[in-house]
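Participant:
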Amino acid sequence: MNIPEQFIRRPIMTTLVTSGILLFGFVAYRALPVNDLPNVDYPTLQVTAALPGASPETMASSVATPLERQFSTIAGIESMNSTSSLGFTNITVQFSLDRNIDAAAQDVQAAISQAARQLPPNLPSPPSYRKVNPADQPILYVAVSSPTLPLYQVDEYAETLMAQRISMVSGVAQVQVYGSKKYAVRVLLNPDALAARGIGVDEVQAAIQRGNSNLPTGTLWGSKQAFTVQSNGQLYDAASFRPLIVAYRNGNPVRLEEVANVIDSVQGDKSINWFRDTQAIVLAIQRQPGTNTIEVVDGVKKLLPEFRSQIPAAVKLTTLYDRSESIRSSIGDVKFTLFLTICLVVMVIFLFLRNISATLIPSFAVPLAIIGTFAAMYMLNYTIDNLSLMALTLSVGFVVDDAIVMLENIVRHMEMGEERLEAAFRGAREIGFTIVSMTLSLVAVFIPVLFLGGIVGRLLHEFAVTISVAILVSGFVSLSLTPMLCSRFLRPHTRKHGRIYNALESFFVGMANLYDRTLKVVLRHRVTTVTFSLVLLVATGYLFYILPKGFIPSQDSGQVLGFTLAAQDISFESMAEHQKVLNAILLKEPAVDTMMSVCGSIGFGGAGNSGIFFIHMKPRSERSDSTDEFIARMRGKVNSTPGIMAFMQNPPPITVGGQFTQSLYQLTVQGTDPKEIYRWSPQIESRIRALPGFQDVNSDLQIASPQVIVDINRDKALSLGVSVDQVQNALYTAYGDRQVSTIYTPANQYFVITEVQPQYQRSPDALSKLYIRSTSGQLIPLDTVAKLVRTVGPLTINHWGQLPAVTISFNLSPGVAVGDAANAVESALHDMRIPATLTANFHGTVEAFQSSFRNLTILLVVAVLVIYMVLGVLYESLIHPITILSGLPSAMFG
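Offset between the sequence shown (1-based) and the working numbering: plus 14.
(1) Taking the continuous beta strand (DSSP E) assigned at residue 92, which residues delimit it?
(2) Start and end of the alpha helix (DSSP H) containing residue 43?
(3) Cβ of residue 784 within 9 Å of Cβ of residue 795?
(4) Near residue 87, which residues of its chain fall below 8 Å by C-beta distance, leaving aside the five closest residues on each side in sequence?
(5) What ranges does the beta strand (DSSP E) occupy inside the stretch 550-623, keeping only unbroken runs of at least 3 residues that lie completely in it?
(6) In chain order, what residues of the same chain lie with their CB nearer than 6 Å to the CB of residue 440, ignoring the 5 residues before and after it?
(7) Apply the 10 Å Cβ neighbour rule to residue 28 and answer buried if 16 or more other Cβ atoms are within range, or exposed otherwise.
(8) With a CB to CB cut of under 8 Å and the five nearest residues on each side skipped, what residues in its chain are close to residue 375?
(9) Three or more beta-carbon pairs under 8 Å between the stretch 779-793 and the stretch 645-664, yes or no?
(10) Could I get the ranges of all uninterrupted alpha helix (DSSP H) runs contained in the stretch 248-277, with 4 residues as the minimum, in chain order?
(11) Determine the direct distance from the alpha carbon of residue 844 to that of residue 856, and round the result to whole angstroms.
(12) What's the gap between the Cα of residue 283 and the Cα of residue 68?
(13) Round the Cβ separation of residue 340 and residue 572 to the nearest angstrom and send it over; I've been treating them as touching at under 8 Å.
(14) Are residue 806 and residue 721 touching if we call contact CB-CB under 9 Å?
(15) When the Cα of residue 161 is compared with those of 294, 97, 228, which residue comes out closest?
(16) Tell me whether residue 22 sits in a helix, a strand or coil according to DSSP, three-state version.
(17) Let me know if residue 15 comes out buried or exposed under the rule of 16 or more other beta-carbons within 10 Å of its beta-carbon.
(18) Span of the beta strand (DSSP E) holding residue 752?
(19) Is the stretch 461-469 touching the stretch 366-381 in the sense that three or more CB pairs, one from each, lie closer than 8 Å?
(20) For the structure I just gave you, are there three or more beta carbon pairs, one from the stretch 178-192 and one from the stretch 301-313, closer than 8 Å?
(21) Is residue 765 helix, strand or coil by DSSP?
(22) With DSSP collapsed to three states, give me the class of residue 122.
(23) Where does residue 646 fall in DSSP's three states?
(24) Can you tell me which of 94, 98, 77 puts its alpha carbon nearest to the alpha carbon of residue 110?
(25) Run through DSSP, which three-state label would residue 15 get?
(26) Counting Cβ pairs, one atom from each stretch, are 3 or more of them under 8 Å apart for the stretch 872-881 and the stretch 687-706?
(27) At 4 residues or longer, what runs of the alpha helix (DSSP H) sit wholly inside the stretch 810-878?
(28) Excluding the five sequence neighbours on either side, which residues of its own chain have a C-beta within less than 6 Å of the C-beta of residue 242, listed in chain order?
(29) Which residues bound the alpha helix (DSSP H) around residue 133?
(30) For the alpha helix (DSSP H) that contains residue 84, what are its first and last residues?
(31) Would you grab the beta carbon distance between residue 614 and residue 285 for me? Rounded to a whole angstrom, and I think it's under 8 Å.
(32) In the DSSP assignment, the alpha helix (DSSP H) including residue 219 goes from what residue to what residue?
(33) Enumerate in chain order the residues of its own chain whose CB-to-CB distance from residue 444 is below 7 Å, with the five nearest sequence positions on each side excluded.
(34) If you reduce the DSSP assignment to three classes, tell me which class residue 801 lands in.
(35) Between which two residues does the beta strand (DSSP E) holding residue 199 run?
(36) Can residue 64 and residue 40 be called in contact, C-beta distance under 9 Å?
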């Protein structure tokens, strides 16, 4: 059946069908979500557990290892790594892309429950997990600060009021709180005062627990009335804890305020979060997959005026980062590029056809194909993003080709003297099969992309389908609307032409004559032509081999992610001062708009000697440097600050697996023997640092942190009536930020925490002031039953796949390709001859690059074979497809 003939004979049907395409496409366009990149759900779960005061070794052996052992039984795990630091363990479990995140979350929860019996019984709360999508970062950061109010009050407004309301906004997945300063009552014990009154730290702990109670008290059931019985057993602030009686001495009560300084404080007092130069709480809002980033951000921003009316005027709300701004800008740029492309295509058509009606008819194919594609994108749950719009931009040249071929053939028949309608019938009949073959062969190019695995395949899947649908719609338009319009509106050229027409005609005739002469030369020298084509093919392969190979190109994101690192023996106060100096240097830069900085980045899997900062730069028009240029210029400035190092990176558009490291690219060394790993890792790090083009080389190996080992003399302790458990409990109460009681309020729960006063934590010698009550009732000094041994140990302990591991991370100088860097590292490792018991593997971006590059050659071969098969089926020939594909070498060489 002649398909174009039906549309030519039935113009009303053709008009209605194309109008339907426009209508559904326009409606779909308005409903499509808008994001910067396609939705890529990388099923990842982050499990965290806290045991304040526990050493990294304790967290790794008693918390991380049991959890990892249970998680390893879950199906579909692609990678698992953990970091254990002082009082904190962070485990990241990444599943394969085909794993459902909700089902994986249920399996992780079940594994946590199974491991509960193997975990320390004194964990303040069970391990928790949250869903993490490395490919989708927060879309909005809101800083909550106050120059006058205590941070725990600011935190109350941020967490209890704002975070809960924001999480109810349509499209919001979760709200993370950075720099949380939740209220707590801190009981700062005075060992000298306790010793003078003969009171042990265990008695203080017991007194607090007895004095703060929240138990059910029952009901009075009268004959006519019922009374709920309430008591004032619950205490709510530091002032109410101070009068608690700890013990009686000589018949007089000893109150808590006599042996301790009881203050209103916060739970985590060993971390600081700054917004610019003011301490703040930062809310990071993440969207649900498939939702419109711009709509979600607008929905959250609508709440900000309401929040400002509900909180004190002293509390300031500031937008630190709005991802929708860059999305609006980039999407706007791509839309302009798309519009400009359409205009240029129409102009080129006019220059060659020099006929207004002949120009307008194929030009209709472009908007129809693009708008029709929006309907397919909506049905496939795609988004309007940079990649889908790029696909539409590239498709403009393809979609107009079919219509031009159809139009040219009809014009040829009109120039032969046929009437408009007859020319449309004959021209469409002759060229219809060619249109089908052109359309299907173009679509066949993108079929192999659909089978590309990994996160790269997920990203390009939407690109390939979008451009394929646009080509298919254009093929349909060329077989339906284009011949119908030609049969009604196409006008032949007038006999008289203007100067522009004649000038262009002379140029085209000259080009045709040149092509004719060139073609004759080629046909006379066939062997030379074939040989030249083969040389081009070989040259193309050689160029492909030697050209630098990268992954995702760096772009001017306007964001800088930085990490700070200080000596392993640095105190928290000193670390905070160093980071403040660094913050001041960065804030002086004119290109910096806003900045968030975190010191003591426990929540990011770091240690007390590390920090993080995030810079949002001013718009590109207001700064002279690009993001990469800014980082290169600032690297020398920030690293000249004594006592602290800074590592900065331009965050890639999408994060691919790996760990949270100081630099972008990662190499993980793992094995069964930690000592062997710790011996070889610094050597590998030094070798990589010496390679040209590598910068910011560092590792997460931190095993030289000062430690004090309390070596208990068990025999002597037992003879004095002191058990090992009593010693450890006393140490935990005095130095471990121990939660000894809980305050329950209608809106939240808060901790009561004990520790000795700061002046008794300055030196290991202060441990001698700690007393333990024996079974005979006497107070025994700690140094009587134990000796203190100073040594060094790990500040963090890292596992990858349940094995001890060290991750070396690095950045690359501008112009250095990821592929070349990976080859250089692998060559260096080969020359070093590391033991067979150790393995060194890339993770994150480099691993994804290597995986995608391994499939690239196969993908190219498959693409050519698919095109060959499609053309062979269409032309029923084994030779014609080769003839058509013979132009590939020269195209690839160019």
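Glycine included, every Cβ here is placed at the ideal spot set by N, Cα and C.
Facilitator: According to the structure data:
(1) Per DSSP, residue 92 belongs to the beta strand (DSSP E) from 91-99.
(2) The continuous alpha helix (DSSP H) containing residue 43 extends over residues 25-45.
(3) Yes, the Cβ-Cβ distance between residue 784 and residue 795 is below 9 Å.
(4) The answer, listed in chain order, is 125.
(5) The stretch 550-623 contains these whole beta strand (DSSP E) runs: 573-579, 606-613.
(6) Excluding sequence positions up to five before and after residue 440, its CB lies within less than 6 Å of the CB of 427, all in the same chain and listed in chain order.
(7) By the neighbour-count criterion, in which a residue is buried when 16 or more other Cβ atoms sit within 10 angstroms of its Cβ, residue 28 is buried.
(8) The answer, listed in chain order, is 417, 421, 496, 499, 500, 503, 504.
(9) Because the criterion of three Cβ pairs below 8 Å is not met, the stretch 779-793 and the stretch 645-664 do not touch.
(10) Within the stretch 248-277, the runs of alpha helix (DSSP H) that reach at least 4 residues and sit entirely inside it are, in chain order, 252-255, 270-273.
(11) So the alpha carbons of these two residues sit roughly 14 Å apart.
(12) Approximately 16 Å, taken between the alpha carbons.
(13) Taking the Cβ atoms as the reference, residue 340 lies roughly 7 Å from residue 572, within the contact range of under 8 Å.
(14) Here residue 806 is near residue 721, since their CB atoms are less than 9 Å apart.
(15) The option with the nearest alpha carbon to residue 161 is 294.
(16) DSSP, reduced to helix, strand and coil, places residue 22 within a helical segment of the structure shown.
(17) Residue placement at residue 15 cannot be trusted, given a pLDDT of 49 that sits under 50; what the coordinates show is reported in the next sentence. Per the 10 Å Cβ criterion, exposed.
(18) Segment 752-758, the beta strand (DSSP E) holding residue 752.
(19) They do not touch, by the three-pair rule.
(20) They touch, by the three-pair rule.
(21) Secondary structure at residue 765: strand, using DSSP grouped into helix, strand and coil.
(22) In this structure, residue 122 counts as helix in the three-state DSSP scheme.
(23) Reduced to three states, the DSSP call for residue 646 is helix.
(24) Nearest option by C-alpha distance: 94.
(25) Here residue 15 scores only 49 on pLDDT, less than 50, and its place in the model should not be relied on; the value that follows carries that caveat. In the structure shown, the three-state DSSP call for residue 15 is coil.
(26) With fewer than three CB-CB distances shorter than 8 Å, the stretch 872-881 does not count as touching the stretch 687-706.
(27) Restricted to the stretch 810-878, the alpha helix (DSSP H) segments that are unbroken, complete and at least 4 residues in length are 832-846, listed in chain order.
(28) The residues are 233.
(29) From DSSP, residue 133 is part of no alpha helix (DSSP H); its letter is neither H nor E.
(30) For residue 84, the enclosing alpha helix (DSSP H) has its first and last residue at 79-85.
(31) Going by Cβ atoms, the distance from residue 614 to residue 285 rounds to 4 Å, so yes, they are a contact pair.
(32) Run containing residue 219: 215-225, per the alpha helix (DSSP H) assignment.
(33) Result list for residue 444: 423, in chain order.
(34) It is a strand residue.
(35) For residue 199, the enclosing beta strand (DSSP E) begins and ends at 197-203.
(36) No, the Cβ-Cβ distance between residue 64 and residue 40 is not below 9 Å.
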